[in-house]
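> Take a look at the following structure, please.
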Amino acid sequence: MKQWTSWLVLLLALCGVPESWAANPGSWEYFVDHFVTPEGRVVDIFQDKISHSEGQGYGMLLAVTHKDEATFDLLWQWTQSHLQVRRSDALAVWSWGKRPTGELAPIDFNNASDGDIYIAWALLLAHERWNRPDYSEQAMRIIRSIRRFLLLERYGYTMLLPGYYGFVDKESVTLNPSYWVLPAFQLFARFDDRLLWQRVHDEALRLLRDGSGEGLQLIPDWLQLNRDGVTIHPEKPPLFGYEAIRVVLFLTWDDKLATMPAIGQLLDRIEQSGQFPRFIDLKKGVSAKEEGSAGFYAVMARAATALKRNDLAELLWQKAREKVSYEKDDYYSQVLYLLARMGVTP
0 MKQWTSWLVL
10 LLALCGVPES
20 WAANPGSWEY
30 FVDHFVTPEG
40 RVVDIFQDKI
50 SHSEGQGYGM
60 LLAVTHKDEA
70 TFDLLWQWTQ
80 SHLQVRRSDA
90 LAVWSWGKRP
100 TGELAPIDFN
110 NASDGDIYIA
120 WALLLAHERW
130 NRPDYSEQAM
140 RIIRSIRRFL
150 LLERYGYTML
160 LPGYYGFVDK
170 ESVTLNPSYW
180 VLPAFQLFAR
190 FDDRLLWQRV
200 HDEALRLLRD
210 GSGEGLQLIP
220 DWLQLNRDGV
230 TIHPEKPPLF
240 GYEAIRVVLF
250 LTWDDKLATM
260 PAIGQLLDRI
270 EQSGQFPRFI
280 DLKKGVSAKE
290 EGSAGFYAVM
300 ARAATALKRN
310 DLAELLWQKA
320 REKVSYEKDD
330 YYSQVLYLLA
340 RMGVTP
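Each residue of the sequence shown is one higher than the one before, counting from 0 in numbering that gives the first Met the number 0.
Structure (structure tokens):
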């Protein structure tokens with residue numbers, strides 16, 4: 000059997016079988032082979048193979064950082080053809096997949112701001128990496144639409160809305176902190192209105208500080224802003240979890256972990272308990288019994304490294320590596336793992 004296996008490996012190599020066949024979960028090659036269709040669509044296997052603007056943006060960003068121009072072009076072409084179909088702006092529809100009729104098409108024509116930000120950010124980085132002025136022009140179309148339709152000044156703050164429709168009423172604004180991709184705002188400031196984007200960046204940090212003042216002082220997945228201030232959203236689960244884990248990554252990329260000292264305290268809890276929960280209820284102060292995914296562990300490992308807690312970081316990385324090997328179909332965990340592994344700020 001061992002001899003047959005060796006011959007099989009050699010045969011695959013000689014026949015030019017894609018390297019991704021042998022790639023391990025947690026690698027870029029595995030991600031492309033497992034989650035990117037030949038047409039350039041990133042699929043979420045756990046959600047009936049739906050595609051999101053966020054997923055396309057993640058894929059494009061990772062393609063740039065892995066110097067994979069062919070995959071980047073494939074992802075961008077599909078995104079343009081299938082998601083940038085709104086008539087009044089350059090924002091992407093946020094979800095695309097199988098409708099009840101069986102047709103593959105946009106499912107929801109609203110946008111998701113983080114998807115648009117990742118796509119524009121990746122285009123600017125691709126322009127810089129591969130000297131493609133057309134990419135910067137396409138990014139600027141998106142950035143102008145973000146600036147026009149998604150930025151709001153209210154109650155003393157300048158903020159990015161989660162989407163075009165459904166987040167503002169007469170009395171309050173619903174906010175998702177995990178959409179505030181801090182280093183992207185810094186790059187937008189270089190290419191567009193410098194003062195505006197620097198203000199958006201700084202105001203996002205202020206909202207993070209002001210919004211993490213309750214309970215364990217971690218940022219929740221969702222905030223509500225009204226004339227009395229910013230609080231955990233009263234109509235959504237009061238969790239630090241699936242959404243807010245990305246805030247830790249953004250603060251790490253942006254070298255702004257000091258904005259949220261509770262992250263260091265969270266690392267203390269992880270070190271003492273030996274595990275990181277899938278979510279923490281910020282109102283009750285209790286944690287889920289289920290462990291977080293490999294991606295969660297990778298993000299916290301990256302934060303521990305940034306805080307010079309190297310022994311803990313290595314333990315968390317080890318845990319992440321172990322878990323990612325059997326979370327083979329978990330698109331979100333694989334994405335977080337890859338993003339956290341990037342050695343420097345993208």
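Here a beta-carbon is modelled for each residue, glycine too, at the ideal position from N, C-alpha and C.
Let's test the definition: count the other Cβ atoms within 10 Å of the Cβ of P37 and tell me whether it reaches 16, buried, or not, exposed.
Exposed, because fewer than 16 other Cβ atoms sit within 10 Å of the Cβ of P37.
> Put I106 into one of helix, strand or coil per three-state DSSP.
Three-state DSSP puts I106 in a strand.
> Identify which residue in R198, L195 and V247 has its Cα closest to the Cα of D220.
Residue V247 is the option with its Cα nearest to D220.
> Report the start-end ranges of each beta strand (DSSP E) in the stretch 188–232 that is 3 residues or longer and not cut off at the edges.
Entirely contained in the stretch 188–232, the beta strand (DSSP E) runs reaching 3 residues are, in chain order, 222–225 and 228–231.
> So, with DSSP's three-state summary, where would you put G65?
Looking at the sequence itself, residue 65 is His, so the reference to Gly does not match. DSSP places H65 in coil when its eight states are reduced to three.
> Can you tell me which of L256, Y156, M299 and D72 puts its alpha carbon nearest to the alpha carbon of G39?
Ranking L256, Y156, M299 and D72 by Cα distance to G39 puts D72 first.
> Quick one: grab the DSSP three-state call for S50.
It is a strand residue.
> Should R340 be labelled buried (16 or more other beta-carbon atoms within 10 Å of its own) or exposed?
Buried.
> Which residues does DSSP pair with V42 in a beta bridge?
DSSP lists no partner for V42.
> Return helix, strand or coil for G294, following the three-state DSSP convention.
Looking at G294 - three-state DSSP - the assignment turns out to be helix.
> Let me know the secondary structure DSSP gives T173 once reduced to three states.
The answer is strand: DSSP assigns T173 an E or B state.
> On the DSSP letters alone, give me the boundaries of the alpha helix (DSSP H) that W27 sits inside.
Looking at the DSSP string, the run of the alpha helix (DSSP H) that includes W27 is W27 to F34.
> Once the 5 residues before and after L256 are set aside, which same chain residues still bring their CB inside 7 Å of it?
L250, I262, A302, A305 and L306, listed in sequence order.
> I need the DSSP call for F349, collapsed to helix, strand or coil.
Summary: the structure shown does not reach residue 349, with the chain confined to residues 0 through 345, and so no result is reported for it.
> May I ask which residues mark the beginning and end of the alpha helix (DSSP H) holding W120?
S112 to W129 is the span of the alpha helix (DSSP H), which, as asked, contains W120.
> So, under 8 Å CB-CB, Y163 and L224 are touching, yes? Tell me the CB distance rounded to an integer number of Å.
Contact doesn't hold; Cβ gap of about 18 Å is too wide.
> Tell me the rounded alpha-carbon separation between A300 and N130.
Going from the Cα of A300 to the Cα of N130 covers about 33 Å.
> What does a CB cutoff of less than 8 Å around S332 pick up in its chain, not counting 5 residues either side in sequence?
Hits under 8 Å: S292, A293, G294, F295, K322, V323 and E326.
> In whole angstroms, what is the alpha-carbon distance linking K97 and L82?
Rounded to the nearest angstrom, the two C-alpha atoms are 14 Å apart.
> Can you check DSSP and say which residues form a bridge with L238?
Per DSSP, D280.
> For the alpha helix (DSSP H) holding T251, just list the boundary residues, first then last.
Here the alpha helix (DSSP H) through T251 covers I244 to W252.
> With the cut-off set at 8 Å, would you say H51 and G114 are in Cβ contact?
Taking 8 Å as the Cβ cut-off, H51 and G114 qualify as a contacting pair.
> Taking all protein chains shown into account, do 16 or more other C-beta atoms lie within 10 angstroms of the C-beta of V334, making it buried, or fewer, making it exposed?
By the neighbour-count rule (16 or more Cβ atoms within 10 Å), V334 is buried.
> Assuming L337 is part of the alpha helix (DSSP H), what are its boundary residues?
Its alpha helix (DSSP H) spans residues Y330 to R340.
> I'd like to know whether the C-beta atoms of L281 and G214 end up nearer to each other than 8 Å.
Yes, they are a contact pair.
> So, with DSSP's three-state summary, where would you put K97?
Strand at K97.
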